[in-house]
Amino acid sequence: MSIAEGLMFAFDNTFAHDLVGLYEPWRAAPSPHPALLAFNEELAAELGLDVTSLRTPAGIAVLVGNVVPDGASPVAQAYAGHQFGRYSPRLGDGRALLVGEIIDVHGLRRDLHLKGSGRTPFARGGDGYAAVGPMLREYLIGEAMHALGIPTTRALAVVATGEQIARETMLPGAVL
């Protein structure tokens, strides 16, 4: 699906092209009423993205996973490892998608992920969703660590999905 003019992403998807067998092609679950809660303008500029366009309804649709940008290759990543004291040959991201890889304005490769965007083939019983509180916390802590000079992941945005998710109680959902 194409997106509105002005929302240009220069994807260079080596993971999806070169590592066949280490992922499953996948799409985010639709979010009925996305609303932008937090947006990292500094990171958007570093990624070479149009800050103004990402704040539009079309941009928010991309940030929540309702629209796949041209050139993206969304995949749920697979991996193996030890879990609960045993080797497990097929684990993976149960609630995250790699949308694609972007070469930023400094020439560095950056992954663009969606977290909390619904079940993937690796969800193993989880619902694949995330609540607003933990996603805002992760966004803030990542930026605090970055400001302190500690290498960390950073979030481009937190978008409310417009859905309630079941945890100990019903909570508003979000995608990081």
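In our numbering, the protein residues as written are 1142 to 1317. Positions of the beta carbon are idealized from the N, C-alpha and C atoms, including for glycine. This one's a predicted model, so the numbers in the text were calculated from it and none came from an experiment.
Query: For A1237, I'd like the list of residues in its chain whose CB is within less than 6 Å of its CB, leaving aside the five on either flank, ordered along the chain.; Result: H1254, K1256
Query: Out of G1235, A1272, T1310, G1303, which has the shortest C-alpha to C-alpha gap to L1317?; Result: A1272
Query: Using the Cα positions of E1182 and R1227, report the straight-line distance between them to the nearest angstrom.; Result: 43 Å
Query: Anyone know if the C-beta pair for A1217 and D1234 falls short of 8 Å?; Result: yes
Query: What do you get for V1299, buried or exposed, if any count of 16 or more other CB atoms within 10 angstroms of its CB means buried?; Result: buried
Query: When the Cβ atoms of the segment 1171 to 1178 are set against those of the segment 1199 to 1207, are three or more pairs found closer than 8 Å?; Result: yes
Query: Would you please state the rounded distance, in angstroms, between the beta carbons of E1279 and R1295? I believe it to be under 8 Å.; Result: E1279 to R1295, Cβ: 10 Å. No contact.
Query: So, are the CB atoms of H1241 and F1152 less than 8 Å apart?; Result: First, the residue type needs correcting, since residue 1241 is Gly and not His in the sequence shown. Cβ atoms of G1241 and F1152: closer than 8 Å.
Query: Short of 7 Å in beta carbon distance, which residues of its chain neighbour F1263, apart from the five on each side in sequence? Order them along the chain.; Result: A1217, A1219, L1232, G1233, D1234, G1235
Query: Please say whether R1168 and E1209 have beta carbons closer to each other than 8 Å?; Result: Here residue 1209 is Val; the residue named in the question, Glu, does not match the sequence. For V1209 and R1168, yes; Cβs fall inside 8 Å.
Query: Taking all protein chains shown into account, decide if I1243 is buried (16 or more other Cβ within 10 angstroms of its Cβ) or exposed.; Result: buried
Query: Ends of the alpha helix (DSSP H) at S1194?; Result: 1192 to 1195
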